[in-house]
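**Q**
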Amino acid sequence: MGSLAAIREQRRSARLAPLRQGAQRVAAAHAESEVWLFGSLARGDWDAYSDVDLLAIAPSQAAAEALADALRLDQP
């Protein structure tokens, strides 16, 4: 079994993977869009109850809506 730090990083990566994929899809269509991770996940002091804090920056309303849809985790 790996170290605790390695396990935490694996869980962090798994939690962020769908967000990263969604942001990359939108960035392909809207190059000026940006997504910044901040808060406990960015600092590395998160726990099982931590939320994901993101700042999304988009050049237009359409890009903002596409980002919001891509970053929504509660979709089926």
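When the count follows our numbering, it moves up by one through the sequence shown with no breaks and lands on 316 for the last residue.
Every residue, glycine too, gets a C-beta built ideally from N, C-alpha and C.
Using CA coordinates, which residue listed in 289, 287 and 260 is at the minimum distance from residue 295?
**A** In the sequence shown, residue 295 corresponds to position 55, counting from 1. When only C-alpha atoms are compared, the closest one is 260.
**Q** How would you label residue 273, buried or exposed, when you count the other beta carbons within 10 angstroms and need 16 or more for buried?
**A** The count along the sequence shown starts at 1 and reaches residue 273 at position 33. So residue 273 ends up on the buried side.
**Q** Reducing DSSP to helix, strand and coil, say where residue 296 ends up.
**A** Here residue 296 is taken as the residue at index 56 of the sequence shown, counted from 1. Reduced to three states, the DSSP call for residue 296 is strand.
**Q** Residues in the same chain with beta-carbon distance under 7 Å from residue 297, minus the five sequence neighbours each way, listed in chain order, please.
**A** Numbered from 1 along the sequence shown, position 57 holds the residue referred to as residue 297. Shown here for residue 297: same chain residues with a beta carbon closer than 7 Å to its own, the five before and five after excluded, namely 273 and 274 in chain order.
**Q** Since I believe residue 262 is in contact with residue 311 (beta carbons under 8 Å), could you give me their beta-carbon distance rounded to a whole number of angstroms?
**A** By one-based count along the sequence shown, residue 311 stands at place 71. By one-based count along the sequence shown, residue 262 stands at place 22. Confirmed, Cβ separation roughly 5 Å.
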